[in-house]
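Residue 128, in this note's numbering, is where the sequence shown stops; the numbers in between run on with no holes. Heads up, the beta-carbon is just placed ideally off N, CA and C, and yes, glycines get one too. It should be emphasised that the depicted structure is a prediction, and the values quoted were computed from it without experimental measurement. Have a look at the structure below before the remarks.
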Amino acid sequence: MDRLTADMNMGSNLRLLRKKHKYTQDRLVARLGIFGVSTTRSLYSRYETGELNIPVRLLVALHMIYGCSYDAFFEGLELENTDTL
Numbered sequence: 044m045d046r047l048t049a050d051m052n053m054g055s056n057l058r059l060l061r062k063k064h065k066y067t068q069d070r071l072v073a074r075l076g077i078f079g080v081s082t083t084r085s086l087y088s089r090y091e092t093g094e095l096n097i098p099v100r101l102l103v104a105l106h107m108i109y110g111c112s113y114d115a116f117f118e119g120l121e122l123e124n125t126d127t128l
């Protein structure tokens, strides 16, 4: 079975994309509200640090805000094989 390596998370990609597009967390959270995603700066911060799993509706809204491919959120994530033969 494959699983994501523990040291990689989407949160760092969220942070990189936010900074690339020159958003503060507060400004981004306000913009997410326009797309119907209700969150707080504190909660969004926990997505970026990897403390919380990222809801799909958040990824869809960020995809529309940034105009990026969904691949950008998963960049650098690798699967490791956990099968034992």
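| Item | Value |
| --- | --- |
| Helix, strand or coil: which one does DSSP assign to Tyr66? | coil |
| Mind checking which residues open and close the alpha helix (DSSP H) that includes Val103? | 99-109 |
| Output needed for Arg100: all residues of its chain with C-beta closer than 7 Å, excluding positions within five of it in sequence on either side, in chain order. | Val80 |
| Tell me the rounded alpha-carbon separation between Gly119 and Leu105. | 18 Å |
| Taking Phe116 as part of the alpha helix (DSSP H), name the residues at either end of that continuous run. | 114-117 |
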